[in-house]
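Using this note's numbering, the letters of the sequence shown correspond one by one to residues 1053 to 1345.
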Amino acid sequence: MIATLPPIPPSDDVPDRLSTLLERFRVQAALFHSGPLCGRHVFEPQPGRAFLHILRKGEMEVHHPDADCITRQLKVTAPSLLLYPRPLRHVFLNAPLDGPDFTCATLDFDGGARNPVVQSLPPVMVVPLSAIGELDGTLHLLFAEADRQRCGSRLLTNRLFEVALIQVLRWVIDHPDAAGVSHGLMRGLSDARLARTLVALHQSPQQAWTLPKMAAIAGLSRSAFAAVFKDVMQTTPASYLLDWRLSLACTQLRAGAAAKQVATEVGFADTASLSKAFRKRLGLSPRAWLATL
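Put into structure tokens, the structure is as follows:
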């Protein structure tokens, strides 16, 4: 097993690690419940749909009947945020009367299952609200808007859920161990050296990236960079870059952009190179892939 270099704490010269990601792959929140939840409630998995539940007060049990790699049953006893970034059936078991108080929203991430943020998070995150201090102001306003009917309240509540999600993702980057993130993109963004390279790749995928160029941005030798990248990201730099370009291509093609334009903008030499990459990763040509949507 390759050992990573000692971690380097984030510093002022580390660029913004989230903005490019969330600008390229937007998320839309939609409030669907605010108030007590009594008895048994089942949240069925839906493709491309995530859930963000905020337990405001009370306690409950959560069951994951279909899960084989996470806790099948847990108890939440303090105000907490429960994030399900990917489809996963979950069941809330609450008191039959005067159940715990929730504010809940669905989240739709651009790119669905190929969204790089979605891919890099654990199947479920349960975080006490007290762990993320900067959420206080956002949640105070979110709860106030969710609890009353005023002009624009639903729209404002949806936007505040999106703000809360950004604050949670920022916390994940700063506290990957507490968030249960052991590897992948969010773990890489928590490392100041890898973050510099990852942000550069995200911002300029069309550049002719080489291993020496990536390593230089990280301030590491080629061998050290390749080893740390593989250990943290669980893939090679070249493979990650290909996946990033394909994720961007999928988003643009889904939006109706022409394959020729997409290929150039995301870093492929031509449409033939784009098609080859599609077949390699997805087993389909871009046109055949679009037909499956």
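Glycine residues also receive a C-beta, built at the ideal position from the N, C-alpha and C atoms.
Model, not experiment: these values are computed from the prediction.
With a cut-off of 8 angstroms on the beta carbons, I'd call T1323 and K1312 a contact; round off their distance for me. Confirmed, Cβ separation roughly 5 angstroms.
Beta-carbon proximity check, F1161 vs A1252, cutoff 9 angstroms: Their beta carbons are not under 9 angstroms apart, which means F1161 does not touch A1252 by this criterion.
Local Cβ density within 10 Å of H1192, reported as buried at 16 or more and exposed below that: That one is exposed.
So if DSSP puts D1160 in a beta bridge, which residue, or which two residues, is it bridged to? For D1160, which the question treats as bridged, DSSP gives the partners Q1080, R1101.
Quick check: P1175 and R1138, are their CB atoms within less than 9 angstroms of each other? Contact: yes.
In angstroms, rounded to a whole number, what distance separates the CA positions of D1199 and I1218? Distance between the alpha carbons of D1199 and I1218 is about 22 angstroms.
Could you tell me the boundaries of the alpha helix (DSSP H) in which R1306 lies? 1289–1306 is the extent of the alpha helix (DSSP H) around R1306.
For L1070, which residues of its own chain have a beta-carbon under 7 angstroms away from its beta-carbon, when the five flanking residues on both sides are left out? Cβ contact annotation for L1070 (same chain, cutoff 7 angstroms, sequence separation greater than five): I1218, L1221, R1222, in chain order.
Alpha carbon of L1207 to alpha carbon of A1307, nearest angstrom: Cα-Cα distance, rounded: 24 angstroms.
With DSSP as the reference, label F1154 as helix, strand or coil. Looking at F1154 - three-state DSSP - the assignment turns out to be strand.
Output the boundary residues of the alpha helix (DSSP H) element that contains V1280. 1274–1285 is the span of the alpha helix (DSSP H), which, as asked, contains V1280.
Decide if F1084 is buried, meaning its Cβ has at least 16 other Cβ atoms within 10 Å, or exposed. The residue in question, F1084, is exposed, as its Cβ has fewer than 16 Cβ neighbours within 10 Å.
Span of the beta strand (DSSP E), counted from its first residue to its last, around S1346: The structure shown does not extend to residue 1346, since the chain is modelled only from 1053 through 1345, so no value can be given for it.
For the region 1234–1247 against the region 1182–1196, are there 3 or more C-beta pairs whose distance is under 8 angstroms? Note that the region 1234–1247 does not touch the region 1182–1196; fewer than 3 beta-carbon pairs, one per stretch, sit closer than 8 angstroms.
Under the three-state reduction of DSSP, which class applies to P1088: helix, strand or coil? P1088: strand per DSSP, three-state reduction.
Delimiting residues of the beta strand (DSSP E) encompassing Q1125: Residues 1125–1128.
Buried or exposed: which applies to C1302, given that a residue is buried once 16 or more other Cβ atoms fall within 10 Å of its Cβ? Counting of Cβ neighbours within 10 angstroms places C1302 among the buried residues, the total reaching 16 or more.
Enclosing alpha helix (DSSP H) for E1317 [first to last residue]: Residues 1311–1318.
Could you name the residues of the same chain whose beta carbon sits closer than 6 angstroms to that of E1113, not counting the 5 residues immediately before and after it, in chain order? Contacts found: K1127, L1145.
Under 9 angstroms between C-beta atoms of S1205 and E1214: No; because the gap between Cβ atoms is not below 9 angstroms, this pair is not in contact.
What did DSSP end up calling R1239 once you bin it into helix, strand or coil? In the structure shown, R1239 sits in a helix (DSSP, three-state: H, G or I).
Is the region 1090–1098 touching the region 1260–1275 in the sense that three or more CB pairs, one from each, lie closer than 8 angstroms? No, the region 1260–1275 is not in contact with the region 1090–1098.
Start-end ranges of the alpha helix (DSSP H) lying completely within the region 1196–1256, minimum 4 residues: Runs of the alpha helix (DSSP H) inside the region 1196–1256: 1205–1226, 1228–1231, 1237–1241, 1244–1255.
Apart from the five residues just before and just after L1342, which ones in its own chain have a Cβ nearer than 8 angstroms to its Cβ? Closer than 8 angstroms at the Cβ level, and outside the excluded window around L1342, lie L1305, R1306.
From T1288, V1079, S1337, F1320, pick the residue whose C-alpha is nearest to that of F1170; which is it? Checking the displayed sequence, the identity of residue 1170 turns out to be Val instead of Phe. Distance check between V1170 and each of T1288, V1079, S1337, F1320 places V1079 closest, using alpha-carbon atoms only.
Can you tell which of L1107, Q1098, D1068 has its C-alpha closest to the C-alpha of S1086? Residue L1107 is the option with its Cα nearest to S1086.
Could you tell me which residues DSSP pairs with E1113 in its beta bridges? DSSP lists K1127, L1145 as the bridge partner or partners of E1113.
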